[in-house]
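Here's the structure, in structure tokens; my notes come after.
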Amino acid sequence: MYQFLFRKFLRVITILLGVTLIMFLLMHLVPGNPWDNFSNSPRALLNLSTDKLTQDRLIHSFGLDLPLWRQFTRYVIGDFEEDGTFFCGAVCGNLGPSIQQTGRSVNNILFTPPEGKTFKDSRFGYSIRLVLFGTLLAVGVGIPLGILSVTRPKATSTKISVGLAALISIPNFVLGLLAIIVLASGLKIIKVLPDWNYPSSWIVPAMVLAVMPMASIARVTHASLLNIMNEDYIRTARAKGLTQTRVMLVHVLRNAAAPIITFLGPTLMEMFTGLLIVENLYSFPGFGKEYWGAVISLDYPMILGLTLIYATGILLVNVLIDILCEILDPRLRSLKPQGAQR
Amino acid sequence: MIFFPWRRALRSTTIWFSLTVMLSLGLIAGLAPSIAPHDPYEGRPSQTRLPPMWVQGISRPGVPEYPLGTDRFGRDILSRLIYGTRTAFFLALTAVPLTALLGTAIGLIAGHVGGRLDAWLMLFTDMVNSLPGIMFVVIIVLIFRNMLTPTWLHGLFTLIVGFAATSWVSLARLIRINVLQIRSKAFMEAAVALGSSPRRVMTHHLLPNVLHVILIWVINNIPAVILLEALLGYIGVGVTNAVEGGEFTVVSWGGMFFSGRSMLSANPLMLIIPSLCILLISMSFILLGDFLNSVTRQENGTE
């Protein structure tokens, strides 16, 4: 078990390094620099481009004039300041200074709560809470729906699956905008700019966020349940005279659990994409709001920081899912010698 | 094909629904120049922000000449919708097969060759998988936007590359797992024993056995690329805004979202109509994919 965890840990570290490298190279391929006058920067639109001298000084102060490999090691491991002191990079959890929000570090923007508040009120805390809320909704509604669509008579189950297909096909920004139009300006149930301290104002964003993952979880549940129900041992269980409930709960669900849980990883990724949209729509104070600005205006440390946070989250969830699957499905344990190479 | 339940397919309403939607949208896309009532690019300054024709009794009623109204440049929404169908079909027919090719190649090689190459390929797959997909796509769009010469293809091309770069991962994994399962079968042993080269084994023995996986993946991912286009269009880095105000813009549903966002209160239909189109087309593909899935499941069950 410890060896298994250690292998996983090494793999996670390698992947994190690779992810940083890929993102680093890609974002340096984007032409222009953060202060340059290029077409998609908001500064260019406002005619605020910086003059050459200031630009050079800024580029130097952020270390962007170093060769690429030096910049990469500077970000990951750390570097010496002008005066010879050493500062530690991403390995110590220092995500660097933000370029666009002058004087603040990425850590400060993402993780530091406002004055007199606790950690859960930082941008990161807000986003995590919204994702948790959304995941609970998606899993709590999706799995029962999937089970329902298998156990009900055929007509009902067709209706459910068509409905789920429809829910998957609506872009979530449309859903969010419609919710604003109907609920906020039409029926005046929610406020357009809600007070996020009340849990009730979280319901609509969380629902918009949860709809698509919910539908895909329900569909996956449906598919894997059907797969299991074709197996011989289910027929045997039925033939033994077990009740429908017992067959479903003990024989089918237990075996279908592993594929469903495996699918939660990709679902969480879907959730993140949704998060960026939903936070923008509802001007939710999470870290998704930083994101678009950071990409468009080439805020290098911010892009890397968000990528790292995202990748860490996904990898952690995937490791957790792997462990859970091994616990739930003993068959996977016996496959271990072959599976170890994966 | 070996076995296909034509009779079940013909009796199912969902199949009829999806085929009708696909065919009619395909026809609309093909005949776009002859059925669109107006030029989708040409704005008329006197006719801006018209409501749809059934909205009457306000200071500026809708006119039958513009059935769904006009946007803020006075361009006919119906014509833009019709031309947008072309973009959606073009993307679906280029981006998804290209991605499928990439994913199949990587999955087949990783699964068949195995060993160290497999380990490295899977590590790379995991890396790409852990990148935030949408951020990846946006950055790729930003890279190519300034690198290519502006033609009408250029916005579409960046989108295709972005989609291909992020989406091959899921297919490669699927194919690899299937190949690992097939590799233990007797016919594979026979093929290797008879002296087939690895290339022949891959193309003649493995590929035909994973074709159904690829087909279902392709059908399930066509909605994904259309949704991606819509999302990027909504954000404003999609195919429409490829060149600021240039003549090489492409009419797309995503672009309609972008311009619809600014006139949400005046004409919310600008948002609802393209999303209805997306809903229809992606629903039809998803339902078709579900049906094919149930067919393969049945086939596996009877084996």
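Residue numbers (our numbering), protein chains in the order written: chain A, 32 to 373; chain B, -5 to 297.
Every residue, glycine too, gets a C-beta built ideally from N, C-alpha and C.
Since the model is a prediction, treat every value here as computed from it, not as a measurement.
Could you tell me if residue i is buried or exposed, where buried requires 16 or more neighbouring beta carbons within 10 angstroms of its beta carbon?
{"i": "A:D96", "result": "exposed"}
{"i": "A:Y322", "result": "buried"}
{"i": "B:E59", "result": "exposed"}
{"i": "B:H199", "result": "buried"}
{"i": "B:S246", "result": "buried"}
{"i": "B:P126", "result": "buried"}
{"i": "A:Q131", "result": "buried"}
{"i": "B:C271", "result": "buried"}
{"i": "A:S314", "result": "exposed"}
{"i": "A:L41", "result": "exposed"}
{"i": "A:G324", "result": "exposed"}
{"i": "A:S200", "result": "buried"}
{"i": "A:V170", "result": "buried"}
{"i": "A:G305", "result": "buried"}
{"i": "A:M32", "result": "exposed"}
What residue range does the beta strand (DSSP E) around residue i cover?
{"i": "A:C119", "result": "117 to 119"}
{"i": "B:D112", "result": "It is not in any beta strand (DSSP E) - B:D112 instead sits in the alpha helix (DSSP H) that spans 109 to 124."}
Might you give, ordered along the chain, the residues of its own chain that have their beta carbon closer than 8 Å to the beta carbon of residue i, omitting 5 neighbours on each side?
{"i": "A:C123", "result": "G109"}
{"i": "A:D353", "result": "K39"}
{"i": "A:N125", "result": "G109, F118, C119, S136, N138"}
{"i": "A:S70", "result": "Residue confidence is low: A:S70 scores 48 on pLDDT, short of 50, so the model does not pin down where it sits. Its coordinate-derived value is still stated next. There are no such residues."}
{"i": "A:L355", "result": "I292"}
{"i": "A:L307", "result": "G319, Y322, W323"}
{"i": "A:R183", "result": "I191"}
Excluding five sequence neighbours on each side, which residues of the same chain lie with their C-beta closer than 7 Å to the C-beta of residue i?
{"i": "A:L206", "result": "V239, V242"}
{"i": "A:L257", "result": "V181"}
{"i": "A:A268", "result": "V278, H282"}
{"i": "B:L96", "result": "A158, W162"}
{"i": "A:I90", "result": "N64, D96"}
{"i": "B:E238", "result": "Here B:E238 scores only 48 on pLDDT, less than 50, and its place in the model should not be relied on; the value that follows carries that caveat. Same-chain partners within the cutoff: there are none."}
{"i": "B:W10", "result": "none"}
{"i": "A:P332", "result": "L126, G127, P128, S129, I130, V137"}
{"i": "A:L295", "result": "I352"}
{"i": "B:R80", "result": "A23, A26"}
{"i": "A:P145", "result": "D152"}
{"i": "B:M116", "result": "A104"}
Reducing DSSP to helix, strand and coil, say where residue i ends up.
{"i": "A:G305", "result": "helix"}
{"i": "A:S136", "result": "strand"}
{"i": "A:P128", "result": "strand"}
{"i": "B:A30", "result": "coil"}
{"i": "A:D353", "result": "helix"}
{"i": "A:W100", "result": "helix"}
{"i": "B:V132", "result": "helix"}
{"i": "A:P230", "result": "helix"}
{"i": "B:W48", "result": "coil"}
{"i": "A:A371", "result": "Confidence is the limiting factor: at A:A371 the pLDDT is only 39, short of 50, which leaves the residue's position unreliable, though a coordinate-based value still follows. It is coil, neither helix nor strand."}
{"i": "A:I220", "result": "coil"}
{"i": "A:V172", "result": "helix"}
{"i": "B:N261", "result": "coil"}
Going by DSSP, what residue range makes up the alpha helix (DSSP H) through residue i?
{"i": "A:D110", "result": "Run containing A:D110: none in the alpha helix (DSSP H); it sits in the beta strand (DSSP E), 109 to 111."}
{"i": "B:Y228", "result": "201 to 229"}
{"i": "A:H59", "result": "33 to 60"}
{"i": "A:Q86", "result": "83 to 92"}
{"i": "B:W247", "result": "247 to 256"}
{"i": "B:E183", "result": "180 to 187"}
{"i": "A:A270", "result": "263 to 270"}
{"i": "A:N203", "result": "203 to 210"}
{"i": "B:M196", "result": "Run containing B:M196: none; DSSP gives neither H nor E here."}
{"i": "A:P316", "result": "That residue, A:P316, is in no alpha helix (DSSP H); it is neither H nor E in DSSP."}
{"i": "A:T189", "result": "185 to 200"}
{"i": "B:A3", "result": "0 to 5"}
Quickly, what does DSSP pair residue i with across the bridge? List them, please.
{"i": "B:P64", "result": "Per the sequence presented here, residue 64 of chain B reads as Thr, with Pro not at that position. BP columns for B:T64 point to B:D70."}
{"i": "A:P236", "result": "A:P236 is not bridged to any residue."}
Would you say residue i faces chain C, with C-beta separation under 8 Å as the test?
{"i": "B:P126", "result": "Protein chains A and B are contained in the structure displayed, whereas chain C is not."}
Can you list, in chain order, the residues of its chain with a C-beta nearer than 6 Å to that of residue i? Leave out the 5 residues immediately preceding and following it.
{"i": "A:V350", "result": "K39"}
{"i": "A:T45", "result": "none"}
{"i": "A:D82", "result": "none"}
{"i": "A:F103", "result": "F55"}
{"i": "B:L170", "result": "What sits at residue 170 of chain B in the sequence shown is Arg, not Leu. Excluding positions up to five away in sequence, the list reads G101, A104, G105."}
{"i": "B:Q41", "result": "T64, G68"}
Is it the case that the CB of residue i approaches a heavy atom of the ligand MN more closely than 7 Å?
{"i": "A:I46", "result": "With respect to the ligand MN, the structure shown offers nothing to examine, as it has no ligands at all."}
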